[in-house]
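> This is the structure, below, for whatever I ask next.
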Amino acid sequence: TSAYSSPAKSLGDPGITPLSPSHIVKDSDADDAVEQLFLVVVAIDFGTTSSGYAYSFTKEPECIHVMRRWEGGDPGVSNQKTPTTILLTPERKFHSFGYAARDFYHDLDPTESKHWLYFEKFKMKLHTTGNLTMETDLTATNGKKVKALEIFAYALQFFKEQALKELSDQGGSDFENTEVRWVITVPAIWKQPAKQFMRQAAYKAGMASPENPEQLIIALEPEAASIYCRKLRLHQMIDLSSRAPVNGYSPSDTIGTGFTQAKEHVRHKRQSRTFMVENVIGEIWSELEEGRDRYIVVDSGGGTVDMTVHQIRLPEGHLKELYKATGGPYGSLGVDYEFEKLLCKIFGEDFIEQFKIKRPAAWVDLMIAFESRKRAAAPDRTNPLNITLPFSFIDYYKKFRGHSVEHALRKSNVDFVKWSSQGMLRMSPDAMNALFKPTIDQIVQHLSEVFDKPEVTNVKFLFLVGGFAESPLLQQAVQSAFGSRCRVIIPQDVGLTILKGAVLFGLDPAVIKVRRSPLTYGVGVLNRFVEGKHPPEKLLVKDGTRWCTDVFDKFISADQSVALGETVTRSYTPAKPSQLVIVINIYSSEQDNVSFITESGVKKCGTLRLDLTGTDTSVPNRREIKTLMQFGDTEIKAMAIDVATSKSVKVGIDFLNY
Numbered sequence: 214t215s216a217y218s219s220p221a222k223s224l225g226d227p228g229i230t231p232l233s234p235s236h237i238v239k240d241s242d243a244d245d246a247v248e249q250l251f252l253v254v255v256a257i258d259f260g261t262t263s264s265g266y267a268y269s270f271t272k273e274p275e276c277i278h279v280m281r282r283w284e285g286g287d288p289g290v291s292n293q294k295t296p297t298t299i300l301l302t303p304e305r306k307f308h309s310f311g312y313a314a315r316d317f318y319h320d321l322d323p324t325e326s327k328h329w330l331y332f333e334k335f336k337m338k339l340h341t342t343g344n345l346t347m348e349t350d351l352t353a354t355n356g357k358k359v360k361a362l363e364i365f366a367y368a369l370q371f372f373k374e375q376a377l378k379e380l381s382d383q384g385g386s387d388f389e390n391t392e393v394r395w396v397i398t399v400p401a402i403w404k405q406p407a408k409q410f411m412r413q414a415a416y417k418a419g420m421a422s423p424e425n426p427e428q429l430i431i432a433l434e435p436e437a438a439s440i441y442c443r444k445l446r447l448h449q450m451i452d453l454s455s456r457a458p459v460n461g462y463s464p465s466d467t468i469g470t471g472f473t474q475a476k477e478h479v480r481h482k483r484q485s486r487t488f489m490v491e492n493v494i495g496e497i498w499s500e501l502e503e504g505r506d507r508y509i510v511v512d513s514g515g516g517t518v519d520m521t522v523h524q525i526r527l528p529e530g531h532l533k534e535l536y537k538a539t540g541g542p543y544g545s546l547g548v549d550y551e552f553e554k555l556l557c558k559i560f561g562e563d564f565i566e567q568f569k570i571k572r573p574a575a576w577v578d579l580m581i582a583f584e585s586r587k588r589a590a591a592p593d594r595t596n597p598l599n600i601t602l603p604f605s606f607i608d609y610y611k612k613f614r615g616h617s618v619e620h621a622l623r624k625s626n627v628d629f630v631k632w633s634s635q636g637m638l639r640m641s642p643d644a645m646n647a648l649f650k651p652t653i654d655q656i657v658q659h660l661s662e663v664f665d666k667p668e669v670t671n672v673k674f675l676f677l678v679g680g681f682a683e684s685p686l687l688q689q690a691v692q693s694a695f696g697s698r699c700r701v702i703i704p705q706d707v708g709l710t711i712l713k714g715a716v717l718f719g720l721d722p723a724v725i726k727v728r729r730s731p732l733t734y735g736v737g738v739l740n741r742f743v744e745g746k747h748p749p750e751k752l753l754v755k756d757g758t759r760w761c762t763d764v765f766d767k768f769i770s771a772d773q774s775v776a777l778g779e780t781v782t783r784s785y786t787p788a789k790p791s792q793l794v795i796v797i798n799i800y801s802s803e804q805d806n807v808s809f810i811t812e813s814g815v816k817k818c819g820t821l822r823l824d825l826t827g828t829d830t831s832v833p834n835r836r837e838i839k840t841l842m843q844f845g846d847t848e849i850k851a852m853a854i855d856v857a858t859s860k861s862v863k864v865g866i867d868f869l870n871y
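Each residue of the sequence shown is one higher than the one before, starting from 214 at the first, in my numbering.
Printed below as a string of structure tokens:
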């Protein structure tokens, strides 16, 4: 039977019916296992374009160590993180990750490289795939497909081994995986299946296991950033809106220069890569009125931009989420995509498609050259930006079209882009800024919508974090659009904000006290049929009783606030008293008001199967089945208990296998 057939008609599952009015129990300590003692917390920021890890020993939580420097950085790109690229051998075995993967792939002979499987920017697939499962594929640059779960597990395993090796080298003895609590960050706007997918990949990589799930925390990127921002001291940030000098620079310095100087500030301490986090709440928070003022964290990365609205609860400085995370695929990848469109306009889409397939390594090269120029774009730049075209691009174009790249540029009537005699594309600053515009416009547009929400008043600060926040063009756009409404603040070393915050979150996961549920959850039940209220097609007559089937009994609504560890309890009774196997199906929806599980957008995401055969049969004639759902963590747990016999069954909500 399909998932949506009436539960009443499906065999052996006559369904359950509500027994009591619903009640909510605040019960955070009921079911928690004894807190395990980990020696160290390692957080992995698995980004769309670049990734990295940082760690802190639980004995000295004020020190956050960012991973050691990587070999093979790019010119014009600080390499505290490594590119999210992975290379598999022609036999589909893991070969390398990051710069190493990129450089090795690049040095292969084209006849050989077409057999190797190279993946980049693959994290976006989890955001864009509507029906993600354990079987979803990723496509390598050579067109071959591999299971996404395998690629993600390889990547996480690589980080696990790197981190354990660094910890062992540092401590002089072998570090065991059991001594580590892992934190992996994901965008807050990801749907539940993607978050669960990340956890499955981590289990496959051996970081934790279904038997020991607490060893891994899935943290939300803007939340992690928010936790770190609370600790910022004045000398650790750049306030774009301040009229007074910031970090000792006069405001007449352009945003861009203030920014590089601020970076230099940290650079000489870089080798140690240890950041001190004082155990206080930073000074700027003293300006926030408790219970009234809010702040927005805008996390702009390579793939997605995520926003969360938080409020601080003093004195401990706990965070409360005020509006569910929103955002979209407006990361800096959008700029790369615009550059690709520009190349198609000049050289022809047919050529670019062919070039990507026939010379994948040269295409990667071209995008690296673009990346470093992209980082040089600034609002007040006057001199052109030169992008080196790989020799094989020039060569292949001539073979493909029969005329030169230079000829194509002259003919293309794309203003602002010229050919320079040194074999470069020469872009005017306006042309470069135009590539940023669509993406930045979407970010500003989305932020305006968030600011217009009734829940989002009294915003005092806007923190701009994530790798894309380093862009002076984005800084300027956000400052000019919202600078009059709130203070726009950028933490120094902004690309590492999420990483550092994720470590702090792993050291104290209870710091976020209130979240908003991203979905509405409930279970499918039978209700007594009421003429005139229930639709006639839902009527089911069983043993003389008239039931309404497919009813969605709501546990919690989308965007409702949930305290950490909050448990919602409902009591049900089998519609048929003699029933011994009780099946409770859990459903979710993005809509608030759901009446029936057959409505569009309602998805089954869990099943509790309570088997009571062999238990004492002298049970009261109305058997009470208590169902509990615990919310608030980034994962959700459900449980059913037969009150008479205390027999129980647990399940994690599963969005991948239904």
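Built from N, CA and C at the ideal position, the CB exists for glycine as well.
Assuming A582 is part of the alpha helix (DSSP H), what are its boundary residues?
Unbroken alpha helix (DSSP H) run through A582: P573 to K587.
> Does G225 pass the burial test, meaning 16 or more other C-beta atoms within 10 Å, or should it be called exposed?
Summary for G225: the model assigns pLDDT 40, below 50, so the residue's position carries little reliability; its value from the coordinates is reported in the next sentence. By the neighbour-count rule (16 or more Cβ atoms within 10 Å), G225 is not buried but exposed.
> Cα separation between Y550 and V518?
Taking the straight line from one Cα to the other gives about 16 Å.
> What residue from K360, G343 and S605 has the CA that sits closest to L330's CA?
Closest option to L330, Cα to Cα, is K360.
> Considering only residues of the same chain and omitting the five flanking positions on each side of Y610, which have a CB-CB separation below 6 Å?
Once the five neighbours on either side are set aside, the close Cβ partners of Y610 are V618.
> What do you reckon, is the C-beta of E392 under 7 Å from a heavy atom of the ligand MG?
The ligand MG is absent from the structure shown, which contains no ligand whatsoever.
> Quick check on the DSSP output: the beta strand (DSSP E) that includes I849 runs from which residue to which?
Careful: I849 lies outside any beta strand (DSSP E) and carries neither H nor E.
> Since A538 sits in a beta bridge, which residues does DSSP pair it with?
Partner(s): none; A538 has no beta bridge.
> Check each candidate in E389, A418, Q688 and G384 and name the one with the smallest Cα separation from I397.
Nearest option by C-alpha distance: A418.
> With DSSP collapsed to three states, give me the class of P749.
The answer is helix: DSSP assigns P749 an H, G or I state.
> Here's the rule: buried if 16 or more other CB atoms are within 10 angstroms of the residue's CB, otherwise exposed. What is A851?
Classification for A851: buried.
> On the three-state DSSP scale, how would you describe R623?
In the structure shown, R623 sits in a helix (DSSP, three-state: H, G or I).
> Go to R741, then tell me how far its beta strand (DSSP E) extends in each direction, as first and last residue.
Per DSSP, R741 belongs to the beta strand (DSSP E) from T733 to R741.
> How many Å lie between D665 and P406 at the Cα?
The alpha-carbon atoms of D665 and P406 are separated by roughly 29 Å.
> Starting from the C-beta of I237, find all residues in its chain whose C-beta is less than 8 Å away, skip the five residues before and the five after it, and write them out in chain order.
Unreliable positioning characterises I237 in this predicted model, as indicated by a pLDDT of 44, which lies under 50. A coordinate reading is not provided.
> Output the distance between the C-alpha atoms of A216 and L823, rounded to the nearest integer angstrom.
Low local confidence applies: a pLDDT of 40 at A216 is under 50, so the model's placement there is unreliable, with the coordinate-based value given in what follows. Straight-line Cα distance between these residues: approximately 19 Å.
> Could you tell me which of F564, A590, R639 and Q524 sits nearest to I600, measuring between CA atoms?
I600 has its Cα closest to that of R639, out of F564, A590, R639 and Q524.
> Quick one: is H481 buried, meaning 16 or more other Cβ sit within 10 Å of its Cβ, or exposed?
Bear in mind that a pLDDT of 37 at H481, under 50, signals an unreliable position, so the number given afterwards is only what the model happens to contain. With fewer than 16 other Cβ atoms within 10 Å, it is exposed.
> Which residue marks the beginning of the alpha helix (DSSP H) containing R315, and which one marks its end?
Start and end: Y312 to D320.
> Output the residue ranges of the beta strand (DSSP E) runs that lie fully inside the segment 626-695 and measure 3 residues or longer, sorted by chain position.
Qualifying beta strand (DSSP E) stretches, in chain order: 630-633, 637-640 and 672-678.
> How about L345 and L339: are their beta carbons less than 8 Å apart?
Against a cut-off of 8 Å, the Cβ pair of L339 and L345 comes out as a contact.
> Since V279 and G719 are thought to touch, with beta carbons under 8 Å apart, how far apart are those beta carbons, to the nearest angstrom?
Not quite, the Cβ-Cβ distance comes to about 14 Å (not below 8 Å), so this is no contact.
> Can you tell me the Cα-Cα spacing of G311 and Y318, whole angstroms?
Taking the straight line joining both Cα atoms gives about 11 Å.
> Pull up the distance between the alpha-carbon of T858 and that of N798, whole angstroms please.
In a straight line, the C-alpha of T858 is about 21 Å away from that of N798.
> Where does V548 sit, in a helix, a strand or coil, going by DSSP?
Residue state, collapsed to three classes: helix.
> Which of the three DSSP states is assigned to I810 in this structure?
Reduced to three states, the DSSP call for I810 is coil.
> Please report the distance separating the alpha-carbon of E872 from that of Q375.
Any question about residue 872 goes unanswered here, given that the chain covers just 214 to 871.
> Could you give the distance in angstroms between the alpha-carbon of G737 and the alpha-carbon of D766?
Straight-line Cα distance between these residues: approximately 6 Å.
> Which one of L602, E427 and A538 has the shortest CA to CA distance from F583?
Here the closest residue by C-alpha is L602.
> Do you know offhand how far E392's Cα is from L250's?
Cα to Cα, the separation comes out at about 8 Å.
> Going by Cα to Cα distance, which pick from V716, Q692, A771 and C699 is closest to P731?
Among V716, Q692, A771 and C699, the Cα nearest to that of P731 is on A771.
> Taking the straight line between their C-alpha atoms, what separation do you get for L717 and I559?
If you take the alpha carbons of L717 and I559, they lie about 48 Å apart.
> Go through its chain and collect everything with a Cβ distance to F742's Cβ below 7 Å, but skip five positions before and after it.
Excluding residues within five positions, the ones whose Cβ falls inside 7 Å are L752, R759, W760 and C761.
> What residue from F335, L301 and E348 has the CA that sits closest to E325's CA?
If we check each option's Cα against that of E325, L301 comes out closest.
> Can you give the Cα-Cα distance for L712 and K537, rounded to whole angstroms?
L712 and K537: Cα-Cα distance of roughly 22 Å.
> So, helix, strand or coil for V856, using DSSP?
DSSP places V856 in coil when its eight states are reduced to three.
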